[in-house]
Amino acid sequence: MSYRSVKLVKRPTLEITEDAFNIVSQDLPTPSEGEVLVKLSHLSLDPAMRGWMSPDENSYIPPVKLGDTMRASDIGEVVKT
């Protein structure tokens with residue numbers, strides 16, 4: 001089984017365009033001791049994400065690094081422990 005993640009590959013300057021992201025398919029990891037595997041049912045796309053794409057380090061949360069997966073809030077179901 002696999003999952004998809006959205007990687008930030010370019011910092012938007014004005015408008016956010018799809019070339020700022022890369023969608024990557026990866027194999028699902030096996031949970032280690034003390035970890036869980038969660039199947040997402042809902043993913044929140046928030047205005048704050050625009051700020052996380054900025055290189056500004058003086059925010060309430062560090063920016064997403066280029067090549068890293070975009071962060072988001074979500075709701076899901078634990079499917080494996």
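Numbering-wise, the sequence shown is residues 1 to 81 according to the UniProt record's numbering.
Positions of the beta carbon are idealized from the N, C-alpha and C atoms, including for glycine.
Note that the structure is predicted; figures quoted are calculated from it, not measured.
Tell me the DSSP secondary structure of residue i in three-state form.
| i | result |
| --- | --- |
| E77 | strand |
| D19 | helix |
| T13 | coil |
In the DSSP assignment, the beta strand (DSSP E) including residue i goes from what residue to what residue?
| i | result |
| --- | --- |
| V6 | 2-8 |
Hey, out of the options, whose CA is closest to residue i's CA?
| i | options | result |
| --- | --- | --- |
| T69 | S32, A20, L14, V38 | A20 |
| E15 | P62, I61, S54, S32 | S54 |
| N63 | T13, R50, S73, I75 | For the sequence presented, residue 63 should be read as Pro rather than Asn. If we check each option's Cα against that of P63, R50 comes out closest. |
| V6 | L37, I75, S25, T13 | S25 |
| K10 | N22, M1, Y60, L40 | N22 |
| K80 | W52, R4, T30, L8 | T30 |
| R4 | T13, S32, K39, G34 | K39 |
| I61 | A48, E33, H42 | A48 |
Exercise for the section: Scan the region 16-60 and note each continuous alpha helix (DSSP H) run of 4 residues or more that stays entirely inside, going in chain order. Expected result: 48-52
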